[in-house]
Amino acid sequence: ILMGASSPISPPIPAAVLTQDELKKIAAYKAVEYVESNMVIGLGTGSTAKHAVDRIGELLLQGKLKSIIGIPTSKKTHEQALSLGIPLSDLNSYPVVDLAIDGADEVDPSLNLVKGRGGSLLREKMVEGACKKFIVIVDESKLVDHLGGSGFAIPVEIVPFCWKFTAAGLMKLFDDIGCRAELRTCPEKNGKPFVTDNGNYIVNLYFQHDIGDLKAASDAILRLPGVVEHGMFLDMATTVIVAGELGVTIKNK
Ligand code: 5RP
20 ILMGASSPIS PPIPAAVLTQ DELKKIAAYK AVEYVESNMV IGLGTGSTAK HAVDRIGELL
80 LQGKLKSIIG IPTSKKTHEQ ALSLGIPLSD LNSYPVVDLA IDGADEVDPS LNLVKGRGGS
140 LLREKMVEGA CKKFIVIVDE SKLVDHLGGS GFAIPVEIVP FCWKFTAAGL MKLFDDIGCR
200 AELRTCPEKN GKPFVTDNGN YIVNLYFQHD IGDLKAASDA ILRLPGVVEH GMFLDMATTV
260 IVAGELGVTI KNK
C-alpha cells in the first residue's frame, strides 16, 4: 500500500451499447407481434428481415402461430423459410397479402424508402405492393432527410441486353442534378455482374444533388426501355419500426 498515494480513479462504466444487428433484431421481433394466425405474410429479404423470418418460424414451431402462409421476396428468403418449416406460396395463389415485413436501406420523414441494396427489389416491390399492411423494420442508422442523399445509391434493376445503353439513358435523365450509374458487380466472382433472382443486372445511381420530386424521378426511370424496376418505394410503407439506442419508435402513415 502506498501511503499518501491518491486512490486510482476507475474509468466510467460505459452504458451497454447495442450492436446494429441487435437493434435490427429488436425491430424485427416487434414487427412480428403484428402477425396473427391464418395470415398471408410477405417475407422480406436482408439481415433485418432474416430476424423476422426466424421469429415467425420459432412461433410456428411453438404453436403460438397457426396456419401462416409465407410469400418470400427472394430465393434466399425462400430457402430460409423452407428450412424453418414455414408453409410457402406465391402471388399467383395469394394475390392479396395481409402483411409484409421487410427491412430498408433508407427511410425518409414521409416513410418513403430506398430498398434493394441486397438486390431483391423487384420481388419485394411486387409482394409489398400487394399487401394490405407493410411494416418496415430498421435500426436508426437508416433514417435520412432525403432519399439518395449523402452519396448513397439508388439501385435500378435493368435487363442485361445492352445494359450500358440503359445505364447511359439513366444518367442522361438526371443530367441537371449530376448522376453516375455504376453496374453492380460481385468482387467474389472476379468482378462479374451481380445477377438478380430474375436474371437481371442492377445499376446503382449516385446523385450529386437532391433528387427533389421523387414521383417524377420514379416515373422517368420506369419509362426508360430496359428498366425493370427501381428501389424507391414511394408511399408504400404503412408502418416503420425504428430501433435505436433509446428504444423503439413506431411511425405510422
Ligand atoms: C434487399 C433489401 C433490404 O431490405 C435492405 O437492403 C436492407 O437490408 P438489411 O436489413 O440487411 O440492412 O431491400 O433487397
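Under UniProt numbering, the residue at position 39 of the sequence shown is numbered 58, and the numbers go up by one with no gaps. C-beta atoms are modelled at their ideal positions from N, C-alpha and C, and glycine is treated no differently. What you are looking at is a predicted structure, and each value in this text was computed from that prediction instead of being measured.
Inter-segment contact for the stretch 134-152 and the stretch 249-268 is present: three or more beta-carbon pairs are separated by less than 8 Å.
What you get when you keep residues with a C-beta closer than 5 Å to any heavy atom of the ligand 5RP is T64, G65, S66, T67, G122, D124, K134, G135, R136, G137, S139. Here the stretch 50-67 makes contact with the stretch 90-110; the two share three or more CB pairs at distances below 8 Å. Secondary structure note for G65: it is in no beta strand (DSSP E), with a DSSP letter that is neither H nor E. The stretch 163-177 makes contact with the stretch 217-228: 3 or more CB pairs, one atom from each, lie closer than 8 Å. Nearest to E201 by C-alpha distance, out of L224, G210, F184, is L224.
Within the model, the alpha-carbon separation for L241 versus A35 is close to 46 Å. Looking at the DSSP output, D121 shares a beta bridge with V155.
Pairing K152 with D127 gives a Cβ-Cβ distance that is not under 8 Å. L103 is positioned such that its CB atom lies closer than 8 Å to that of V72.
Between the alpha carbons of A236 and I173 lies a distance of about 11 Å. With respect to R136, D121 sits apart: the two C-beta atoms are not nearer than 8 Å.
I260 is positioned such that its CB atom lies closer than 8 Å to that of A50. Sixteen is the threshold: since fewer than 16 other Cβ atoms of the shown chains lie within 10 Å of the Cβ of I269, the residue is exposed. Scanning its chain for C-beta atoms nearer than 6 Å, with the 5 sequence neighbours on each side dropped, one finds around S139 the residues T64, T92, S93, in chain order.
Considered as a whole, the stretch 33-121 harbours 59-62, 88-91, 116-121 as its complete beta strand (DSSP E) runs of no fewer than 3 residues, in chain order. The C-beta of T215 has 16 or more other C-beta atoms within 10 Å across all chains shown, which makes the residue buried. Pairing G245 with C198 gives a Cβ-Cβ distance that is not under 8 Å. V133 places its beta carbon 8 Å or farther from that of L162. The Cβ neighbour count for A262, taken over all protein chains shown within 10 Å, is at least 16; the residue is labelled buried.
In this structure, N57 places its C-beta atom within 8 Å of the C-beta atom of S86. Straight across, the Cα-Cα distance linking A149 with S66 is about 22 Å. Contact between I105 and G76 is confirmed by a C-beta separation of about 6 Å, below the 8 Å threshold.
In the three-state reduction of the DSSP assignment, P128 falls in the coil class, being assigned neither a helical nor a strand state.
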